[in-house]
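As numbered in UniProt numbering, the sequence shown has no gaps in its residue numbers, which increase by one up to the final residue, 537. Glycine is no exception: its CB is placed at the ideal position from the N, C-alpha and C atoms. Below is one structure, written out as structure tokens, with a few remarks after it.
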Amino acid sequence: MVPPIKLEGEFVGSLDCGTTSVRFILFDRYANIVAQHQLEFHQHYPKPSWHEQDPDEILSVVHACIDAAVESLQLLGWSKNSIKVIGITNQRETTFAWSRTTGKSLCNAIVWNDSRNKNIVAQYERKLKEEGLEVEPGVWKKGDDAVEALRALTGLPLSTYFSAMKLRWMINHIPEVYKAHQLDDLCFGTLDSWLVYNLVGVKQGLHICEVSNASRTLLMNSATLNWEPCLLQFFGLRESVLPKIVSTSEVYGYIASGTLAGVPIGGLVGDQQAALIGNKCLKQGSAKCTFGTGAFLLFCTGEQQVKSSHGLLSTVAFQPGPQSKPVYALEGSIGSAGSAITWLKDSMNFISNPAEVNDLAAQESTSGGVYFVTAFSGLLAPYWDSSAAGLMIGISQYTNRSHIARATLEANAFQTRAIIESMKLDSGTDLNELKVDGGMTNGGLAMSILSDLGGFDVVRPEMRESTALGSALLAGNAIGLFGWDLTKPETIAEVNGRGVKVFSPTLDASAREKKWTKWQSAVQRCRGWEVGVADSE
């Protein structure tokens, strides 16, 4: 039973919509969590390499999380009117299609890691090289020049990941989507688009996409922050299917019904960019890494868009208001981070839960000469070698489980350093500290190893819900709540400042470089393995 409401406060809400679950978290001005609720939703895998989600189920879970968190707030004696604004952060690249006439979804969403569209990507790779890209009326780029032109426009390569390729698959293979496209009744968007469209009320027809999410579609010009006409022509898409691109922090609309009816939505942002903001990496040269199943490292390049020539992606980090200049970032991804620890648990039975990996690794002071390249599904940035295979080398009769556990933690550190080395080369800026969040960061030994092998300070906050905090900061910024102003980092200096732990390098520099050289040698040995196997067979 909800007690009589006595307290009026000021809180900001964050709707954190990840790949497998939704959380609604309420923060105070210092980023203390006041109330929260989390629910998972179903994942659908109808065929190998396919991954889908039900758009309507996601909406249902969103409302359930909001209702439960607000009830918890009220049980603490606070009025729900204390919630002044909410922000939304979401899994990126996941693609939604719905009818403009009815507002109903036309099919399941295709999730970011779904790779059913490999043939479509190959088709457009051929088209790009053979027919070329008309970058301006009458001006064509062909061959490698066309490939470079696409990357120059978007900061991205052609890949199964990005939303345009998923939308093109939908149009080609799902009759309802094809028909809606032909009849000019199709609305396309990422998860932020779908949520806002429904939360403010379908009748409003608010069809928008926030700029960091738009930057992951392969359709946005990353310099102008507009949809790029030559790419729409290249991919055969109607401009009318696209949402309006909006900034990362502004009042987009008001929740139409339910528990939070009338509350403004003031922040939208992709999850990895949200973590960058939540870690307060707002200035050029600051960086964060989120360690989960994989790992995502973003390096803020400020208002300068840096085009990578060392295997990274250039992306929009955020735009703090509709009249503000965008802030850019370099991004690198690691395919296997926490998943390597899961492998130690589930496949090798070395540990019974992931947290135990630190205790097991701590039983030895070194990896005993073992190097583990955790390329379970190839290598991502900066190597981009899908033919690479997992490799463990340096094993002897001396090797035990603790050495292997430690080598697994070191693999994460080495891969992180590889991305940072590329970021240094692209940006010309050294990295002094790396801010971290995600499940793997709970382990003190893992963070010490990261600092030792990386040669930089690792900064870990006490409250590590950085993704949710990022969207909350954006929402507060939009209405000036608590005096937050993301163009003035000093205004958020007191946010999430308690319990910060810094891990500094203790390993001798010469020993660090010797280990780094051996790691690079191990990487070279694992590359091209699948190609070699196929050839030998």
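Which ranges would you report for the alpha helix (DSSP H) in the segment 307-395 if only whole runs of at least 4 residues count? 338-346 and 356-361
What residue does the beta strand (DSSP E) around Trp194 start on, and which one ends it? No beta strand (DSSP E) holds Trp194; the alpha helix (DSSP H) holding it covers Leu191 to Leu199.
Pull up the distance between the alpha-carbon of Leu380 and that of Ser159, whole angstroms please. 12 Å
Are Val370 and Leu409 closer than 8 Å when you measure CB to CB? no
With distances taken between CB atoms, is the gap from Arg460 to Lys514 smaller than 8 Å? no
I need the boundaries of the alpha helix (DSSP H) containing Gln524, first residue and last residue. Ala509 to Cys526
Three-state class that DSSP yields for Thr467 in the structure shown: helix
Does the count of Cβ pairs from the segment 169-183 and the segment 244-255 closer than 8 Å reach three? no
Could you give the residue range of the alpha helix (DSSP H) that holds Ile66? Pro55 to Leu75
Between Arg401 and chain D, is the shortest Cβ-Cβ distance under 8 Å, so that the two count as touching? Note that chain D does not occur in the displayed structure, where there is just one protein chain.
If you pair each beta-carbon of the segment 21-28 with each one of the segment 67-77, do three or more pairs fall below 8 Å? yes
How about the segment 484-496 and the segment 280-295: do they share at least three Cβ pairs that are nearer than 8 Å? yes
Alpha carbon to alpha carbon, how far is Thr517 from Tyr124? 38 Å
Grab the span of the beta strand (DSSP E) containing Gln36 for me, first residue to last. Ile33 to Glu40
Between the alpha carbons of Gly103 and Ile420, how many angstroms are there, rounded? 44 Å
Inspect the beta-carbon positions of Ala275 and Gly13 and report whether they are closer than 8 Å. no
Asn221 (DSSP reduced to helix, strand or coil): strand
Just curious, the alpha helix (DSSP H) that Glu130 is in, first and last residue? Lys118 to Glu130
Can you give me the C-alpha to C-alpha distance between Gly532 and Lys141, rounded to a whole angstrom? Bear in mind that a pLDDT of 48 at Gly532, under 50, signals an unreliable position, so the number given afterwards is only what the model happens to contain. If you take the alpha carbons of Gly532 and Lys141, they lie about 34 Å apart.
Hey, quick one: how far does the beta strand (DSSP E) through residue 587 stretch, first residue to last? Only positions 1 to 537 of the chain appear in the structure, and residue 587 is not among them; the question remains open.
For Val200, which residues in the same chain have their Cβ closer than 6 Å to its Cβ, ignoring the five residues on either side in sequence? Leu206, Gly253 and Ala256
Can you find the residues in the same chain that come closer than 7 Å, C-beta to C-beta, to Ile449, ignoring five residues on each side of it along the sequence? Leu409, Glu410 and Ala413
Please classify Tyr30: is it buried, with 16 or more other beta-carbons within 10 angstroms of its beta-carbon, or exposed? exposed
Please determine, among Ser367, Ser49, Asn226 and Gly267, the residue with the shortest C-alpha to C-alpha distance to Arg401. Ser367
Going by DSSP, which residues form a beta bridge with Val269? Thr89
Work out the CA separation of Ser105 and Arg498 for me, nearest whole Å. 43 Å
Leaving out five residues on either side along the sequence, give the residues of the same chain with a beta carbon under 6 Å from the beta carbon of Ser240. Asp184
Below 7 Å CB to CB, which residues in the same chain sit around Gly18 once its five sequence neighbours on both sides are set aside? Gln91 and Asp271
Would you mind giving the Cβ-Cβ distance between Ser336 and Thr374, rounded to the nearest angstrom? I have them listed as a contact below 8 Å. 4 Å
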